[in-house]
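Everything on this sheet refers to the single structure shown next.
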Amino acid sequence: MFSADFSQFLDSLGMFGWRLGLENIRTIMDRLGDPQRQFICVHVAGSNGKGSVSHFLEAVFRAAGYRTGLYTSPHLLTPAERVRIAGQTLSDAEFERRMRPLLPVFEQQQATYFEAMTAFALHCFAGDDVEIAIVETGLGGRLDAT
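Just so we're aligned, residue 6 is where the sequence shown starts under this note's numbering, counting upward by one.
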């Protein structure tokens, strides 16, 4: 369970807020040091089966000896479910501990919920020396934040 102020911040991002264009997510990633450039990324898109394919790919890469990251959405109970590193989901406490230092960037850039979660996942992957990240697309298309 998250602390009250942290939960309030996540809620303030707006679960379904979105904006067209990639400028904001590019700026956010730049301010975080472009963590997405530190690993191979497999981007899973399509109409159906993205979650299943993403989990399958993660299992295949892990079985082949790679250190993996997995980013999926939506979550069922807690946002921490969206991020897995080496097959393990972050605990709520670990999720909050890792995200807190990033909050000023998200606030200053007026990040949407999806932008913040995507940037957070990629930042975690880089910090944990992930070799291959499997990233499930959000809304899809060329303007998707993933």
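Using N, Cα and C, we set each Cβ at its ideal position, and we do this for glycine too.
Residues bridged to residue i [DSSP beta-bridge criterion]
i, result
"alanine 138", "Cys46 and Gly74"
"glutamine 114", "None; glutamine 114 has no bridge partner."
"arginine 89", "Leu75 and Thr94"
Residue i versus residue j: straight-line alpha-carbon distance, rounded
i, j, result
"serine 8", "alanine 64", "32 angstroms"
"histidine 48", "valine 140", "5 angstroms"
"leucine 75", "cysteine 129", "10 angstroms"
"alanine 131", "lysine 55", "23 angstroms"
Anticipated Cβ contact below 8 angstroms, residue i with residue j, distance rounded
i, j, result
"threonine 77", "aspartate 97", "Incorrect: roughly 17 angstroms between the Cβ atoms, too far for contact."
"leucine 37", "valine 110", "6 angstroms"
"phenylalanine 44", "alanine 138", "5 angstroms"
"glutamate 120", "isoleucine 33", "6 angstroms"
"aspartate 133", "isoleucine 90", "5 angstroms"
Other residues of its chain near residue i: CB distance less than 7 angstroms, five sequence neighbours each side excluded
i, result
"alanine 85", "Thr94, Leu95, Ser96, Asp97 and Phe100"
Chain-order list of residues whose beta-carbon lies under 6 angstroms from that of residue i (same chain, five-residue window excluded)
i, result
"methionine 20", "Per-residue confidence for methionine 20 stands at a pLDDT of 49, beneath the threshold of 50, marking its modelled position as unreliable; no derived number is given."
Same chain only: Cβ atoms within 8 angstroms of residue i, ignoring 5 sequence neighbours per side
i, result
"leucine 18", "Phe111, Ala116, Thr117, Tyr118 and Ala121"
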